[in-house]
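K.L.:
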Amino acid sequence: MRVVWATDIHLNFLGVEGRNVFFSSIRGQQPDAVLVTGDIAEAPSLTYLLHEMRQAIQVPLYFVLGNHDFYYGSISQVRKNLKHWCESQPGLIYLSTTKLIELNPTTGLVGHDGWGDGRYGNYHLSPVRLSDQELIADFQGLDREAVLAKLRALGDEAAGYLRDRLDEALESYQRVICLTHVPPFKEACWYQGKMGSDDWLPYFAGRAVGEVLLNVSRERPDRHIIVLCGHTHHAGIVHLRPNLRVITGSAEYGTPCIQDTFDLDELFTQSILVGGRKGRGRPSVETDVSERQP
Ligand SMILES: [Fe+2]
Ligand SMILES: [Fe+2]
Numbered sequence: 391m392r393v394v395w396a397t398d399i400h401l402n403f404l405g406v407e408g409r410n411v412f413f414s415s416i417r418g419q420q421p422d423a424v425l426v427t428g429d430i431a432e433a434p435s436l437t438y439l440l441h442e443m444r445q446a447i448q449v450p451l452y453f454v455l456g457n458h459d460f461y462y463g464s465i466s467q468v469r470k471n472l473k474h475w476c477e478s479q480p481g482l483i484y485l486s487t488t489k490l491i492e493l494n495p496t497t498g499l500v501g502h503d504g505w506g507d508g509r510y511g512n513y514h515l516s517p518v519r520l521s522d523q524e525l526i527a528d529f530q531g532l533d534r535e536a537v538l539a540k541l542r543a544l545g546d547e548a549a550g551y552l553r554d555r556l557d558e559a560l561e562s563y564q565r566v567i568c569l570t571h572v573p574p575f576k577e578a579c580w581y582q583g584k585m586g587s588d589d590w591l592p593y594f595a596g597r598a599v600g601e602v603l604l605n606v607s608r609e610r611p612d613r614h615i616i617v618l619c620g621h622t623h624h625a626g627i628v629h630l631r632p633n634l635r636v637i638t639g640s641a642e643y644g645t646p647c648i649q650d651t652f653d654l655d656e657l658f659t660q661s662i663l664v665g666g667r668k669g670r671g672r673p674s675v676e677t678d679v680s681e682r683q684p
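Quick note, the sequence shown lines up with residues 391 to 684 if you use our numbering.
(1) Compute every distance between the C-beta of residue 408 and the non-hydrogen atoms of ligand 2, then say whether any falls below 7 angstroms.
(2) Looking at C-alpha atoms only, which residue of 416, 465, 563 and 454 is the closest neighbour of residue 541?
(3) Could you tell me if residue 635 is buried or exposed, where buried requires 16 or more neighbouring beta carbons within 10 angstroms of its beta carbon?
(4) Give me the residue from 565, 623, 643 and 596 with the minimum Cα distance to residue 655.
(5) Could you round the C-beta distance between residue 398 and residue 455 to whole angstroms and report it? I think they count as a contact, below 8 angstroms.
(6) Look up residue 443 in the DSSP assignment and say whether it is helix, strand or coil.
(7) What is the rounded straight-line gap between the Cα of residue 467 and the Cα of residue 476?
(8) Within the continuous beta strand (DSSP E) that includes residue 677, where are the two ends?
(9) Is any non-hydrogen atom of ligand 1 found closer than 7 angstroms to the C-beta of residue 458, if you look at the structure I gave you?
(10) So what does DSSP say about residue 396, is it helix, strand or coil?
(11) Check whether the segment 587-606 touches the segment 544-560, counting contact only when three or more Cβ pairs, one atom from each stretch, lie closer than 8 angstroms.
(12) Excluding five sequence neighbours on each side, which residues of the same chain lie with their C-beta closer than 6 angstroms to the C-beta of residue 510?
(13) Measuring only the C-alpha atoms, how far is residue 481 from residue 658?
(14) Going straight from the alpha carbon of residue 412 to that of residue 647, what length do you get?
(15) For ligand 2, I want to know if residue 588 counts as a neighbour, meaning its beta carbon is within less than 7 angstroms of at least one of the ligand's heavy atoms.
(16) What three-state label does DSSP hand residue 468 in the structure shown?
(17) Helix, strand or coil, according to DSSP, for residue 505 in the structure here?
(18) Return the bridge partner residues of residue 601 from the DSSP annotation.
(19) Compare the beta carbon distance of residue 620 and residue 463 with 8 angstroms and say whether it is the shorter of the two.
(20) Apart from the five residues on each side of it in sequence, which residues of its chain come closer than 7 angstroms, Cβ to Cβ, to residue 508?
(21) Measuring only the C-alpha atoms, how far is residue 666 from residue 436?
(22) Classify residue 426 as helix, strand or coil using the three-state DSSP reduction.
(23) Would you mind working out which of 487, 460, 675 and 676 sits nearest residue 526, comparing C-alpha positions?
(24) Residue 572 and residue 505: beta carbons closer than 8 angstroms?
(25) Using the beta-carbon count (16 or more within 10 Å), is residue 426 buried or exposed?
(26) Give the range of the alpha helix (DSSP H) segment to which residue 455 is assigned.
(27) Pop quiz: residue 516 and residue 588 are said to be a contact at Cβ under 8 angstroms. What is the actual Cβ separation, rounded to whole angstroms?
So this is what it looks like as structure tokens:
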């Protein structure tokens, strides 16, 4: 099975011509399925652009949402509307609201949007304020402590959902791909080849999801998990445990790219390149911290 992975494609920043160039680059890879790890558009344009992309690529599109997908909307409303809408859209699969997916007899697919849950870095000392707090209804009017409580709750919700899906997937499949927008470990929160700073980590990594991933990978050493994520727009790969690898994709506003095209078996047996194999030539950074994980 041949799969294309893209992340942070921000289609709302492109005109129709730019979108068509991107969609035809995907078609050119002749994939059987496309995976997208969030920041697809913004709430008002999300269904229109998802529908357009699905029509153009002609294969199933499995996706999670990123923080930008909730801009000018509310998180619960966007999720609810999209779940309902996808039920009548063959080949558009929103992983945060669906059952476990079988990609092939040995590989399952799970996913959830995730959220930067304020648990890494130093939330209270950070001067960073994301646009999320002005543009997503759930955060509007909240004071600093209430924002932190909301970030934690969103991280916990993602972690609870993924715990259930991963348990189910690891029961039946030797290999599991997990899509999430927000890197679930600080080590996977790349910025220019290094880990993001304490100012950014509260918003750019989701610790609760990471703990679930560590737990399930310890409980099932016979299974392999690969996490694909984005959000930081900077690429890198981290090996957390011998059976747990997190690949973060890169992005630039206005020029969406394919992170990689891979055969499912190849993904689990080789390092893949990130940052756009076809032409961008960005180096991919890779690190192994598996010995640090008890
Ligand atoms: Fe993004
Ligand atoms: Fe994002």
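Glycine included, C-beta positions come from ideal geometry on N, C-alpha and C. Note that the coordinates shown come from a computational prediction; the quantities given were computed from them, not determined experimentally.
P.N.:
If we stick to the structure as given:
(1) Flag unset: Cβ of residue 408 not near ligand 2.
(2) Selected option, being the one with the closest Cα: 465.
(3) With 16 or more Cβ atoms within 10 Å of its Cβ, residue 635 is classed as buried.
(4) Nearest option by C-alpha distance: 565.
(5) Residue 455 and residue 398 do not touch by the CB rule: their CB atoms are close to 11 angstroms apart, not below 8 angstroms.
(6) In this structure, DSSP gives residue 443 a helical state, which the three-state scheme calls helix.
(7) Rounded to the nearest angstrom, the two C-alpha atoms are 14 angstroms apart.
(8) Under the DSSP assignment, residue 677 falls in the beta strand (DSSP E) whose first and last residues are 676-678.
(9) The nearest non-hydrogen atom of ligand 1 is less than 7 angstroms from the C-beta of residue 458.
(10) Residue 396: strand per DSSP, three-state reduction.
(11) Flag = yes, the segment 587-606 and the segment 544-560 touch.
(12) If we look at residue 510 and ignore the five residues flanking it on each side, its Cβ neighbours are 576, 591, 595 and 597.
(13) Between residue 481 and residue 658, the C-alpha separation is close to 25 angstroms.
(14) Each residue's Cα considered, the two are about 7 angstroms apart.
(15) Incorrect: residue 588 has no Cβ contact closer than 7 angstroms to ligand 2.
(16) If DSSP states are grouped into helix, strand and coil, residue 468 belongs with the helices.
(17) It is coil, neither helix nor strand.
(18) None; residue 601 has no bridge partner.
(19) No, Cβ-Cβ distance for residue 620 and residue 463 is not below 8 angstroms.
(20) Residues of the same chain with a CB within less than 7 angstroms of the CB of residue 508, apart from the 5 flanking positions on each side, are 538, 541, 542 and 592 in chain order.
(21) A caution first: residue 666 carries a pLDDT of 49, below 50, which makes its placement in the model unreliable, though a value can still be read off. Within the model, the alpha-carbon separation for residue 666 versus residue 436 is close to 24 angstroms.
(22) It is a strand residue.
(23) If we check each option's Cα against that of residue 526, 460 comes out closest.
(24) It is a contact, given that the beta carbons lie within the stated cut-off.
(25) Taking all protein chains in view, the Cβ of residue 426 is crowded by 16 or more other Cβ atoms within 10 Å, so the residue is classified as buried.
(26) Counting along the chain, residue 455 falls outside any alpha helix (DSSP H), and DSSP gives it neither H nor E.
(27) A Cβ-Cβ separation of about 7 angstroms places residue 516 in contact with residue 588 under the 8 angstroms criterion.
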